[in-house]
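Visitor: Numbering (our numbering), first residue to last: 1 to 418.
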Ligand code: GUN
Ligand code: FE
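1) May I ask you to report which of helix, strand or coil DSSP gives residue 34?
2) How would the residue list near the ligand FE read, in chain order, if you kept each one whose beta-carbon is closer than 6 Å to any heavy atom?
3) What do you get for residue 280, buried or exposed, if any count of 16 or more other CB atoms within 10 angstroms of its CB means buried?
4) Could you tell me which of 116, 149 and 233 sits nearest to residue 122, measuring between CA atoms?
5) Using DSSP with H/G/I as helix, E/B as strand and the rest coil, what is residue 202?
6) On the three-state DSSP scale, how would you describe residue 422?
7) Buried or exposed for residue 240, going by 16 or more other Cβ atoms inside 10 Å?
8) Count the other CB atoms within 10 Å of the CB of residue 79; is the residue buried (16 or more) or exposed (fewer)?
9) Based on Cα-Cα distance, which residue from 318, 332, 345 and 160 lies nearest to residue 405?
10) Name the residue from 5, 21 and 53 whose alpha carbon lies nearest to the alpha carbon of residue 12.
11) Considering residue 54, what are the terminal residues of the beta strand (DSSP E) in which it resides?
12) Using DSSP with H/G/I as helix, E/B as strand and the rest coil, what is residue 241?
13) Can you tell me whether residue 97 sits near the ligand GUN, meaning its C-beta is under 7 Å from at least one heavy atom of the ligand?
14) Classify residue 211: buried if its beta carbon has 16 or more other beta carbons within 10 angstroms, exposed otherwise.
15) Under the criterion of a Cβ to heavy atom distance below 7 Å, does residue 193 qualify as lining the ligand GUN?
16) Beta carbon of residue 223: closer than 7 Å to some heavy atom of the ligand GUN?
17) Output the boundary residues of the beta strand (DSSP E) element that contains residue 188.
18) Thinking C-beta only, is residue 228 closer than 8 Å to residue 219?
19) Kindly identify the DSSP beta-bridge partner or partners of residue 302.
20) Pick out whichever of 101, 214 and 89 has its Cα sitting closest to the Cα of residue 159.
21) Quick check for students: name the residue ranges of the alpha helix (DSSP H) that lie wholly in the region 314-339, counting only runs of 4 or more.
22) For the ligand GUN, is there a heavy atom less than 7 Å away from the beta-carbon of residue 126?
23) Do residue 202 and residue 155 count as a contact pair if the criterion is CB distance below 8 Å?
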């Protein structure tokens, strides 16, 4: 079916650039983009239209690292560094998802909140529970989102009430993969929580499985100084943290590594050489005082970078807030470096929160013919002086000021989902 979206169209076709179509049209055929037009061609005049008037139509957001079972603790327990934070709050919160009824209730609300904030593609950690992970995948898929979800693997250095034996972890991972076959747009991703949580045996088994079944991998890397020292104790043979994943076949093209705050030149080079993507989580890195990630350096060295909310280390689920925090953190980094490091511009950070994630999923950046539409409609009409601003000025302000209430419509994978 043909459909036309009308409004002001803005997107980031390349890092740092912004394309603008003043009162343009996006034509869709069965949810896939057919073309972008300034004037609607005659042959599409009879198509059904969603006319958003003077509103801004921009790509929807990709949240490439977040913990679904930490949603109940959003905005709480921010007074401890990573390892204490995990032991004091996080594992307790996640352990509640042993109860499928609780999981259904929380995940249903959580998925709605993602859509309200304009996120349509995700790479997500679940808990270690197979059933709750299935419920999460089902809620995401039914709501029209796309992406990856991982049942978390953790068979050591975890509390008794929230841990698996190695055998249990392997068995449950296989059961989860089998049960995931029923989903189309939400696919499984292998998820060793981080090196301290997984025995060598389990890491090696996951690495073999990733290879055998060609499955992607996500984990955490070099987030916090205490964590890095612990990893060094656990793997004295590894010079750097990344080698603990590489040793077991988990460091490969498409692997997502959250944080990379303390990734030095060698670790960053290993990311670039192997095609490992860094997921920058600015709000989390500030909240639990992990540090300032070298984002500009990673980008200039050719490391792929995407953004994540990392809730509930991050306290913002809305990716516009995460994009803002990314910009602010890059300015703190600039100040801290004695004004030697460039900060991220609005267009650059917006690219990382939209186009860079889309590229991870195999799309080209921006609204490109042939691709399914992932878009949000921002209504900035209630802000001051909107009529007297350029579209670029309105876009910049929208990134800073728009909240879910200004997100009037969301399209995920070609369908309108808000
Ligand atoms: N490292 C291991 N687990 C976690 C987690 O849940 N959140 C964050 N931010 N880092 C982690
Ligand atoms: Fe995380």
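Don't be surprised by glycine CBs; every beta carbon is placed ideally from N, CA and C.
Guide: According to the structure shown:
1) Counted from its first residue, the chain shown places residue 34 at position 34. Residue state, collapsed to three classes: strand.
2) 65, 67, 220, 258, 310 and 313
3) Taking the chain shown and counting its residues from 1, one reaches residue 280 at position 280. With 16 or more other Cβ atoms within 10 Å, it is buried.
4) Your numbering for residue 122 matches position 122 in the chain shown. Here the closest residue by C-alpha is 149.
5) Counting from one through the chain shown, the residue named residue 202 turns up at place 202. Here residue 202 sits in helix by DSSP.
6) A question about residue 422 goes unanswered here, because the residues of the chain that appear run from 1 up to 418.
7) On the chain shown, residue 240 is found 240 positions in, with the first residue counted as 1. Its Cβ being crowded by 16 or more others within 10 Å, residue 240 is buried.
8) On the chain shown, residue 79 is found 79 positions in, with the first residue counted as 1. Residue 79 comes out exposed.
9) Position 405 of the chain shown, counting from 1, holds the residue named residue 405. When each option's Cα is compared against that of residue 405, the closest is 318.
10) Counted from its first residue, the chain shown places residue 12 at position 12. Here the closest residue by C-alpha is 21.
11) Mapped onto the chain shown, residue 54 falls at position 54. Segment 48-59, the beta strand (DSSP E) holding residue 54.
12) In the chain shown, the residue the question calls residue 241 occupies position 241. In the structure shown, residue 241 sits in coil (DSSP, three-state: anything other than H, G, I, E or B).
13) Within the chain shown, the letter at position 97 stands for residue 97. Every heavy atom of the ligand GUN is 7 Å or more from the Cβ of residue 97, so no.
14) By one-based count along the chain shown, residue 211 stands at place 211. By the neighbour-count rule (16 or more Cβ atoms within 10 Å), residue 211 is not buried but exposed.
15) Translated into the one-based positions of the chain shown, residue 193 becomes position 193. Yes, the ligand GUN has a heavy atom inside 7 Å of this Cβ.
16) Mapped onto the chain shown, residue 223 falls at position 223. Yes; taking the cut-off as 7 Å, the Cβ of residue 223 has a heavy atom of the ligand GUN nearer than that.
17) Working through the chain shown from its first residue, we reach residue 188 at position 188. 186-188 is the span of the beta strand (DSSP E), which, as asked, contains residue 188.
18) Stepping through the chain shown from its first residue, residue 219 is reached at position 219. Stepping through the chain shown from its first residue, residue 228 is reached at position 228. No, these two residues do not count as a Cβ contact at 8 Å.
19) Here residue 302 is taken as the residue at index 302 of the chain shown, counted from 1. Note: residue 302 sits in no beta bridge, so no partner.
20) Locating residue 159 in the chain shown gives position 159, counting from the first residue. Of the listed residues, the one whose Cα sits closest to residue 159 is 89.
21) 319-336
22) Your numbering for residue 126 matches position 126 in the chain shown. No.
23) As a working mapping, residue 155 is identified with position 155 in the chain shown. As a working mapping, residue 202 is identified with position 202 in the chain shown. Going by C-beta atoms, residue 155 is nearer than 8 Å to residue 202.
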